[in-house]
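Start counting the sequence shown at 0; every next residue gets the next number (numbering that gives the first Met the number 0).
Inspection log for the structure reproduced underneath, given as C-alpha cells.
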Amino acid sequence: MDPPHDSARSHPGRLASPALQSLSPYVPGKPISELQREYGLTDIVKLASNENPYGPGEAALTAMRAAVEDCWLYPDGSAHELKQALARHHAVDPRCITVGNGSNELLLLLAESFLTAQCSAVCSQYGFAIYPLVTRATGARCIEVPARPAGDPMPFGHDLEAMARAPAGDTRLIFVANPNNPTGTWVERERLRAFIAAAPADALVVLDEAYVEYAALSGVESGLPWLADHPNLVVVRTFSKGYGLAGARIGYAISHPEVAETLNRVRPAFNVSNVAQAGAIAALADQAHVLESARRVVAERERVAAALRATGAAVIPSAGNFLLVEVGAAAQVYEQLLRGGVIVRPVAGYGLPRHLRISIGLPAQNDRLLQLLKPLLQQA
Ligand SMILES: Cc1ncc(COP(=O)(O)O)c(C=O)c1O
C-alpha cells in the first residue's frame with residue numbers, strides 16, 4: 000500500500016483540495032448556550048455578533064409564524080415575491096437580484112462563480128474575514144492591502160487609494176465593506192465613487208453594505224445608485240443586521256443581470272427557507288421598525304463610545320451597530336467580561352490583539368457592559 004493512500008485512509012481530511020488544507024474556519028461569536036454550559040451562568044448578554052438587539056418587528060414575526068405551517072413544502076426557489084418586493088423597494092429590475100442564505104452565501108457564490116486558482120481577489124487588511132476565506136477556498140490568491148494606520152482619522156479602515164493600485168491582471172473580485180466589520184470604519188462617498196469608476200473593467204467590485212441601515216443614520220451613503228453606470232459593481236445586503244433576522248439567514252445581492260444569472264447557476268435550488276422569505280417580505284414592508292430600532296442603536300452607540308472614551312480608551316469611529324475598542328490585554332479583558340456574563344468579540348484573529356469588538360445592545364445591556372468594562376479600562 001503506498002503511503003499517500005494509507006495516510007488518506009486514516010486522515011480523510013487530507014483528501015480536501017490543497018486550497019482548503021491551509022484554511023481555518025471562520026470563528027463566530029460565542030453562543031449564549033456555550034457560556035451557560037462552560038461557566039454555569041444564567042443571566043448572559045451577548046454583544047458579539049452585531050445583531051439588532053430589538054429583533055424583527057411584529058409584522059415579520061407574524062409572517063414567519065404563519066410560514067412555519069408550510070414548512071413541509073419546498074420554498075419558492077426563485078424567491079419571486081421577495082425579489083418583486085426588493086425590486087420595488089430599490090427601484091431596480093428584479094433580474095438584478097440574487098437571494099442568498101445570508102449575505103455570507105452570496106460572498107461564497109461570488110467567489111465560486113468568478114474566481115479560479117489562476118485568479119486573485121483584492122481585500123483590505125482588517126477587512127471582513129469572510130473575503131479572504133471564500134477567495135482562498137477557490138485556490139485564488141488574496142491580495143491584502145495594508146489598512147490605514149492607527150493614527151489616521153479612520154484607523155484600520157480601508158485605504159482606497161492603495162486598494163486602487165492593488166489589482167493584478169488576474170484580479171476578478173475587489174471586496175469593499177462600507178462600513179467595515181470589525182473596524183466600523185467607512186469610506187468617503189466621492190472617494191468610493193472614484194474608486195469604483197477606476198476599477199478594472201474585468202474585475203467585479205463587491206460593495207458589502209451589511210450595516211447600511213446604521214450607516215445611513217451616520218451620514219454614510221449607499222453605492223446602490225451607481226449600479227446603473229457600473230456593470231461591474233455588485234452591492235451585497237443582508238436582513239441579518241438592521242432588519243433583525245440574523246437567525247432566519249437571508250441576504251441579497253444587486254448586480255448587473257448577467258452577474259445575477261451567473262450566481263444563479265451555482266446557487267443551491269432551495270437556499271432560502273420559506274420562513275426566511277416570508278419574514279423578509281414583511282420586514283421590508285415595515286420600514287418604521289427598521290428605522291426606529293436603528294435610531295435607538297445609533298444613539299446608544301454614541302453613548303457607549305462617549306462613556307468608553309471618557310476612560311481614556313481609544314474607540315474607533317463606527318458607522319455600524321458595534322464599536323472596536325482598544326482595551327489593552329484584550330484576551331484577559333474578554334475573559335473577565337465572560338465571567339461577568341457579557342460576551343463580546345475578540346479580534347486577535349484579525350491581527351488586533353489589543354482590541355475587542357462590542358455590539359450595541361439594549362440600553363440596560365450596554366449599561367451592564369459599561370459597568371464591567373470601565374473599571375478594567377481604568378486599570379489598564
Ligand atoms: C460586513 C459583513 N458582511 C457580511 C456579513 C454576513 O452576514 P449574513 O450572512 O448574516 O448576512 C457580516 C456579518 O457579520 C458582515 O459583518
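Even for Gly, the Cβ is constructed at its ideal location relative to N, Cα and C.
The shortest CA-to-CA distance from residue 234 to any of 247, 206, 228, 240 is the one to 206.
For residue 120, the pairing in a beta bridge is given by DSSP as 141, 172. If you draw a straight line from the Cα of residue 43 to the Cα of residue 104, it comes to about 29 Å. With respect to the 8 Å criterion, residue 294 and residue 244 are not classified as neighbours on the basis of their beta carbons.
Annotation: the continuous beta strand (DSSP E) that includes residue 322 extends over 321–325. In the structure shown, residue 64 adopts helical secondary structure according to DSSP, grouped into three states.
Counting the other CB atoms within 10 Å of its CB gives residue 181 a total of 16 or more, which places it among the buried residues. With a cut-off of 7 Å, the C-beta of residue 49 is classified as near ligand 1, since at least one heavy atom of the ligand falls inside that distance. Looking at 95, 338, 39, 171, the one whose alpha-carbon comes closest to that of residue 113 is 171. Taking 8 Å as the cut-off, the Cβ atoms of residue 319 and residue 210 count as close. For the set 89, 162, 190, the Cα lying nearest the Cα of residue 199 is the one of 162.
Not one heavy atom of ligand 1 lies closer than 7 Å to the C-beta of residue 194. Here residue 15 is not near residue 135, since their CB atoms are 8 Å or more apart. With 16 or more neighbouring CB atoms inside 10 Å of its own CB, residue 185 falls in the buried class.
Rounded to whole angstroms, the gap between the alpha carbons of residue 270 and residue 311 is 46 Å.
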